[in-house]
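Written below as structure tokens is the structure these notes are about.
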Amino acid sequence: MKIAVAGTGYVGLVTGVCLAEHGHLVTCVDVDEAKVALMQQGVSPIYEEGLSELMNKNRDRLTYTTDYKAAYADKDVIIIGVGTPEKKDGSANLSYVYAVAEQIAHSVTRDCVVVVKSTVPIGTNDKVEALLNAKSDPSIHIHVASNPEFLAQGTAVRDTLHASRIVIGVEEPETGELLKAMYQEFDAPILVTNRKSAEMIKYASNDFLALKISYVNEIALLCELVGADIDDVTRGMGYDSRIGNKFLQAGIGYGGSCFPKDTKALHWLANFHDYEIKTIKAAIEVNENQKLKPIKIARKYFDSLEGLTIAVLGLTFKPGTDDLREAPSLVNIPIMLDDGAHVKAWDPVGMENFKKRALGDITYCDSIESTLDGADVCFIFTEWPEIKNLDVSLFSKEMRQAIIIDGRNCYALARMEQEPVIYHSIGRRTIF
Ligand code: UGA
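Under the working numbering, the first residue of the sequence shown carries the number 14, and numbering increases by one thereafter.
This is the structure:
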């Protein structure tokens, strides 16, 4: 099939490249000329495992352009994969989606299917279709399908090629058949439903996962208060297949471009319909508190962090990505800097993006050892393998006073007990 994809972020680019991998001819469209130039040279603008390799492998089937008019003119399917960032009131900002829909309306020269892959509030697909029909040539038939994305950053290529499910929301059966054909080579069950249900599946899934994390983080807090161990507790829970053993990792809260915005968007949507979705509201509140837990632990030792040297290991919101959006590092580090601490940081891929945030005077280090050297406190914000597999004797060897605040439970308590350190983690006893 001839396919165009609007937007070359995580969702758009990975989708386009994976469709090319399965034999489709794909044109990726973006407004950012520098980004397009990079992709034309075979370079991925985002850090995502396996993506550059697939871009190069399928370069004969992939085109990158800023020329949307030519790109949308004669395609079978046009996929909208642009961002829907959070607005100040918590609702989703749909201006990019509607801007692309306008461009499509003014460019198409034949019947086609427009697929909305961006995460959009329930009812948006109907509005996109109305806009397209109002602004395009009336002789052209455009049907809009909802096809939400379930890939996670860091594993985006694998999640797309071997998706947990492909959800297609349509109002006419023939479009459902066409999209099933588009995805026939993909290794995933396909569910065809109506548009609003498809839109709801996306929010309900993401918010359920966010809920699960906030629930576990509250249980972790209780574990600390009563002397239980969250890792054993979640292991015990996970044997029950109704609960499942995934997404039970206690930590310093969920970040990223999805859970924070999608929980707020559903909360906003419920309010809009004069309803308060209490479970999601609680998940949001718990998460906001959880993110600040590391600095609250540090305050137990020091009224002020002034004059201290602080080592920060991990900046990104999760391992496997250079993305910093809603990362706990972004709320904790400014507090350290405000107090007057000397902050040294290390992250395998996130430092360049962190520098761009210009949060203050931070020393970026090229190794974990040099980050720990002379530090009074070490904060761990991301469970990168390099951090998890660290020789933990380095903490006491390199640091001035080895207080470790591990927001991701990277180390076994039994191992840390053998070290001359103070070790705080989440939902587990503190080692002194
Ligand atoms: C999430 C969903 O997992 C995807 O299914 C979805 O498609 C995507 O959002 C999206 O809507 O685009 P992502 O945000 O990339 O993917 O990453 P996750 O692996 O879900 O992690 C999100 C956050 O939750 C991270 O900060 C992570 O540290 C945290 N988390 C995750 C925990 O604190 N505990 C866990 O057990 C799992």
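The beta carbon of each residue, even a glycine, is placed where N, CA and C say it ideally should be.
> Closest to S406 by CA distance: which of I435, T395 and C378 is it?
Replying inline: Residue I435 is the option with its Cα nearest to S406.
- Note down, in chain order, each residue of its chain lying with its Cβ closer than 7 Å to the Cβ of V44, except the 5 sequence neighbours on either side. The beta carbon of V44 sits closer than 7 Å to those of T79, all from its chain and outside the five residues before and after it, given in chain order.
Practice task
Measuring alpha carbon to alpha carbon, tell me which of V128, D73 and T276 ends up nearest A211.
Solution key: Looking at the Cα atoms, V128 is the closest of the given residues.
Near the ligand UGA, which residues have their beta-carbon less than 6 Å from any of its heavy atoms, given in chain order?
-> The filter returns T132, E162, F163, L164, A165, Q166, N219, L222, I226, F260, L261, Q262, G264, Y267, G268, G269, C271, F272, F330 and K331, in chain order.
For A201 versus I181, is the C-beta spacing smaller than 9 Å?
No, these two residues do not count as a Cβ contact at 9 Å.
| message | Under 8 Å: do the segment 404 to 421 and the segment 376 to 387 share three or more Cβ pairs, one atom per stretch? | response | Between the segment 404 to 421 and the segment 376 to 387, the count of Cβ pairs shorter than 8 Å is three or higher; the stretches touch.
Problem - Contained alpha helix (DSSP H) runs [length at least 4] in the segment 324 to 390, N- to C-terminal order - result: Counting only runs of 4 or more, we get 341 to 352, 364 to 369 and 381 to 385.
- prompt: On the premise that F394 lies in contact with G373, defined as a C-beta separation below 8 Å, what is that separation, rounded to the nearest angstrom?
  reply: 16 Å between Cβ atoms; not a contact.
- For P273, collect the residues of the same chain with a Cβ closer than 6 Å to its Cβ; drop the 5 residues on either side in sequence, then sort them by chain order. Within its own chain, the residues whose Cβ lies closer than 6 Å to the Cβ of P273, once the five positions on either side in sequence are excluded, are E339, listed in chain order.
query = Just how far apart, CA to CA, sit T329 and G363?
reply = Their backbone Cα atoms lie some 6 Å apart in a straight line.
Next item on the list: Determine the contact status of N160 and L191, defining contact as a CB-CB distance below 9 Å.
Entry: With respect to the 9 Å criterion, N160 and L191 are not classified as neighbours on the basis of their beta carbons.
The alpha helix (DSSP H) enclosing H437, as first and last residue numbers
Counting along the chain, H437 falls outside any alpha helix (DSSP H), though it belongs to the beta strand (DSSP E) covering I435 to H437.
**Asked** If you check the beta carbons only, do L204 and V27 fall under 9 Å apart?
**Response** With respect to V27, L204 sits apart: the two C-beta atoms are not nearer than 9 Å.
Ends of the beta strand (DSSP E) at I91?
Start and end: V90 to I93.
Are E236 and I243 closer than 9 Å when you measure CB to CB? According to the sequence provided, residue 236 is Cys. The question's Glu does not apply to it. The answer is yes: Cβ separation under 9 Å.
Please state whether the Cβ-Cβ distance between A354 and N300 is less than 9 Å. For the pair A354 and N300, the CB atoms are not nearer than the 9 Å cut-off.
**OP:** Leaving out five residues on either side along the sequence, give the residues of the same chain with a beta carbon under 8 Å from the beta carbon of E430.
**Re:** If we look at E430 and ignore the five residues flanking it on each side, its Cβ neighbours are I444.
Given a threshold of 16 other Cβ atoms within 10 Å of its Cβ, counted over all protein chains shown, does F392 qualify as buried or as exposed?
With 16 or more other Cβ atoms within 10 Å, it is buried.
**Request:** Could you give the DSSP three-state label for L145: helix, strand or coil?
**Result:** Per DSSP, reduced to three states, the secondary structure at L145 is helical.
Q.
Quick check on S149: buried or exposed, where buried means 16 or more other Cβ atoms within 10 Å of its Cβ?
A. Buried is the call here.
| task | Could you tell me which residues DSSP puts in a beta bridge with D419? | result | For D419, DSSP records a beta bridge to I393.
Quiz item: How is the alpha helix (DSSP H) around Y109 delimited, first residue to last?
Solution: For Y109, the uninterrupted alpha helix (DSSP H) run begins and ends at S108 to S120, by DSSP.
**Message:** Could you tell me the alpha carbon to alpha carbon distance between D245 and G94, rounded to whole angstroms?
**Reply:** The straight-line gap from Cα to Cα measures roughly 40 Å.
* Can you grab the Cα-Cα spacing for the pair Q197 / G167, in whole Å? => Rounded to whole angstroms, the gap between the alpha carbons of Q197 and G167 is 24 Å.
Exercise. With DSSP run on the structure shown, which of helix, strand or coil describes G55?
Worked result: Reduced to three states, the DSSP call for G55 is coil.
- Query: Name the DSSP beta bridge partners of V128, please?
  - Reply: Per DSSP, the beta-bridge partners of V128 are I92 and A158.
**Asked** Can you name, in chain order, every residue of its own chain whose Cβ lies under 7 Å from the Cβ of L107, other than the five neighbours on each side?
**Response** Its chain contains T97, V133 and T137 as the residues whose beta carbon lies nearer than 7 Å to that of L107, once the 5 sequence neighbours on both sides are disregarded; these appear in chain order.
| Roughly how many angstroms separate the alpha carbons of R370 and L343, rounded to a whole number? | When rounded, the separation of the alpha-carbon atoms in R370 and L343 is 9 Å.
Next on the checklist: Cutting at 6 Å between CB atoms, please list the residues of its own chain near E142, excluding the five before and the five after it.
Outcome noted: V157, listed in sequence order.
| query | What first and last residue would you give for the alpha helix (DSSP H) that runs through L222? | reply | For L222, the enclosing alpha helix (DSSP H) begins and ends at R208 to V239.
message: Less than 9 Å between the beta carbons of L145 and A176, yes or no?
response: It is not a contact, given that the beta carbons lie outside the stated cut-off.
* From the DSSP output, in three-state form, read off C31 for me. => Three-state DSSP puts C31 in a helix.
message: Once the 5 residues before and after T76 are set aside, which same chain residues still bring their CB inside 6 Å of it?
response: Within the same chain, T76 has close Cβ partners T40.
Exercise for review: Output the distance between the C-alpha atoms of P341 and L238, rounded to the nearest integer angstrom.
Suggested key: C-alpha separation (whole angstroms): 23 Å.
Item to check | Contacts around K294, its chain only, beta-carbon distance under 8 Å, and the 5 residues preceding and following it disregarded | outcome: Answer for K294: H280, listed in chain order.
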